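What follows is one structure encoded as structure tokens, with my remarks underneath.
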Amino acid sequence: MRGAVHSHLEESIRPYIDLIDTLRSAGIHKDLALPTIIVIGDQSSGKSSVLEALSGVPLPRGSGIVTRCPLELRLKKVNVGVNWKAVLSYSNNKIEFVDSSLLENHVHAAQNELAGKGVGIRDDLITLEIMSPDVCDLTLIDLPGIARVPVNGQPQDIGNQIKRLIRKYIEKQETINMVVCPCNTDIATTEALKIAQEVDPDGKRTIAILTKPDLIDRGTETRILDIVHNKVIPLRKGYIMVKCRGQQQIDDNISLEEAAQMESDFFRTHEHFRCLLEEEKATIKSLAVKLSQHLVGHIKKSLPQLNEQIKKKLWDLKNELKECEAGPPQDPKGAKQFLIKTLTRFNEEIKSLSLGEQITEDHLFVQLREKFRKWHDHLNSTKTFCHSNEKKYRGRELLGFSNYRTFENVLQRHVATHKAHAIKLLNIIKGIVTHLHVHVRVLSIKPKECLSFDVCIFFFLKTSSYSNSLIQQAKAEQRISEQFEMEGMIYTQDPIYLKFLNEISDEKYSEDQLPVLDKKSKYSEMLQAYSEVGYIVVQRMSDQLPMMISFFMLKETAQLLSTDMLSLLDGVNVSELLFENSDVGRRRKDLQTSLDRLTAAQEALSDFI
């Protein structure tokens, strides 16, 4: 085939094939489907022989499953500088060699490493790049042959496994499906062609290669010609017949060059098939030309849509990365600085919050003022508990006598009724403060969508905030209980008490008239006066309780949190503390990798669009 295969088309063909090869090498096929030729066929259809003839080197062949992983075959025609060179790539391995006799062993070794020794298959791609003056410019992907019956320890569902793998590739509209069918079988029963028809019912993307024309029964030649001439199962890209080396020719050490000449002689002298030579529907040479032309035409047709897909994908990726921003620095010095900045920002936010300077959507002091006002309203609504019914407050004493203990008990019972409301208020405030602390953490540790420190700072802040809130809540609850115990002592200064008593009484009293007040008829006024005194019950509790809650739940908690944060810097393993959730880091890395390869793809496409 040296110098004979579409040399006049090389300059126009090679750039497009190189473009897709470059995009696939960059991994664009992980994001978008790329134009390519997929080679499929039943077992023993002659698929390996066809690829061997196209590539000019002996590929693995034999009975059973020979191709156990998708094999991307990149053929590059070079005219100077290289006699023959191959590069085999898979996973993180790359092997270069110049001896074609080593090829089969290298491919076998790669398949065994990826799919294990035996008969299993894998979806991992093996790339074989061959550079030689004896090949055509072409790239295609060979898939495992379809097994009908499991043999030699193959899984019972091996046929279904292979079909699933084939469908995954050929169902994409960007592919050209090259189906290899032997002439000596009924083409309508060929599994590979059936699958191709399922995904391409109109035959727009399918080309069929008919092999083993020397093995057909006499008298069936006309039927075979009808197939090639698209009269049986029409395919838009048509049929091509080839005759490759058989096992006997391999055993006789017939070279690929000799086999190509023997193929040409076969068709030229065949009574029925020689017409196919003139129609360019026979020989490996015609197949190579047609495949290259089909592939390049398909690439040209697909590029505008591919370019638009890349633009859209880039837009989506950039938006996703905006949510993630950058993760914690990996170097120790950068990580320490990152931690210091994060803790400093957190402490500043918490301090600003406790001072009422942190203006958020749910501003803290707006919420606190509302809850404290409701507490004050509650106290006010209960201070008129006393009425002028003296019998309600009469003890065992005779009429006309006073009993201070009765007066004291009434007030103590009344004050005690407020404790449950006070504890409820404490719990409400604790919930508000804890919620806003979480909000401050989210603001301080950006970005929230991706920077999730499971066992480190985010988790530590969360548990620390919660535990500190519980500690301060317990302290505040203890102080509230003490306050109610003190309120049970029933005390205020005489001038304060008289001031409020005179405001509600029809009579005016002074300290000199205090004995006159000790009358049952005055109990309701005396009780009401006590409940309304500025710092007695209403005023005192209205101010004192919010002050206690604010002190413990806000100011003290903020100070404790700031102290806890600063203690993180003492002898801490910064790398461990800033260890990022593996899923989060992997997502950011994958997004950035996709962005990089799509950006490179867009630049590569710019010369063709």
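Note that the working numbering gives residue 570 to position 570 of the sequence shown, counting from 1, and the numbers run on in steps of one.
Yeah, the Cβ is synthetic: ideal placement off N, Cα and C, and Gly gets one too.
Quick caveat, the model's predicted, so the values are computed rather than measured.
Residue i: first and last residue of the uninterrupted beta strand (DSSP E) it sits in
i      : result
ARG74  : 71-77
ASP142 : 138-142
First and last residue of the uninterrupted alpha helix (DSSP H) at residue i
i      : result
ASN105 : 103-115
ASN160 : 158-170
ALA147 : Neither: ALA147 is in no alpha helix (DSSP H) and is coded neither H nor E.
PHE552 : Neither: PHE552 is in no alpha helix (DSSP H) and is coded neither H nor E.
MET262 : 256-269
ARG223 : 221-228
LYS194 : 191-199
ILE250 : 247-251
LYS47  : 47-55
Beta-ladder partner(s) of residue i, from DSSP
i      : result
LYS94  : SER89
ILE130 : LEU75 and ALA86
CYS181 : LEU210
TYR239 : ALA208
GLY41  : VAL180
THR563 : THR563 pairs with nothing; no bridge assigned.
ALA282 : MET241
THR175 : THR36
Rounded separation between residue i and residue j - CA only
i      : j      : result
ILE254 : ALA260 : 10 Å
ILE209 : GLN592 : 42 Å
ARG650 : MET262 : The first residue shown for the chain is 1 and the last is 609, placing residue 650 beyond what the model contains.
THR599 : GLN154 : 43 Å
GLY625 : ALA192 : Given that the chain is displayed from residue 1 to residue 609, the structure contains no residue 625 and the question cannot be resolved.
LYS312 : LYS322 : 16 Å
ALA604 : LEU19  : 7 Å
ASP624 : CYS244 : Outside the shown range of the chain, which is 1 to 609, sits residue 624, and nothing can be said about it.
HIS106 : LEU88  : 8 Å
ASP137 : LEU306 : 22 Å
ASN83  : GLN173 : 36 Å
HIS418 : ILE490 : 15 Å
GLU308 : THR269 : 51 Å
PHE608 : ARG14  : 13 Å
ASP217 : ASN184 : 7 Å
GLY145 : GLN43  : 5 Å
LYS281 : LEU73  : 23 Å
SER562 : ALA476 : 19 Å
VAL199 : ARG588 : 35 Å
LYS237 : ILE176 : 9 Å
SER594 : ILE28  : 8 Å
Among the options, nearest to residue i - alpha-carbon criterion
i      : options                           : result
TYR239 : ASP99, GLY246, HIS229 and GLN247  : HIS229
ARG148 : LEU34, THR189, ASP142 and GLU477  : THR189
ILE227 : ILE207, ILE549, THR67 and ILE176  : ILE207
MET178 : GLY81, ASN380, GLY246 and LEU287  : LEU287
GLU556 : GLN472, ILE299, LYS243 and THR127 : GLN472
ASP31  : ASP596, THR417 and ILE609         : ASP596
ILE480 : LYS300, HIS106 and ALA420         : ALA420
ILE631 : LYS424, ALA110 and LEU128         : Since the first residue of the chain shown is 1 and the last is 609, residue 631 is not available in this structure.
GLU52  : LEU114, GLU320, ASP251 and ILE284 : ILE284
LEU554 : LEU368, GLU198 and VAL199         : LEU368
LEU103 : ILE126, VAL242, VAL296 and SER606 : ILE126
SER132 : ASN93, LYS76, CYS181 and LEU256   : LYS76
PRO150 : PHE267, GLN559 and ILE162         : ILE162
ASP611 : VAL296, GLU320, VAL180 and ASP123 : The chain is shown from 1 up to 609; residue 611 falls before or after that span and cannot be answered.
With 16 other Cβ atoms within 10 Å as the buried cut-off, status of residue i
i      : result
GLY617 : This structure does not reach residue 617, given that the chain is present from 1 up to 609, and the question cannot be answered.
ASN160 : exposed
TRP375 : buried
MET486 : exposed
ALA474 : exposed
HIS272 : exposed
LEU498 : buried
THR67  : buried
GLY334 : exposed
ILE429 : buried
LYS117 : exposed
SER12  : exposed
GLN248 : exposed
PRO70  : buried
ARG586 : exposed
LEU355 : exposed
THR36  : buried
ASN347 : buried
SER606 : exposed
SER542 : buried
ASP186 : exposed
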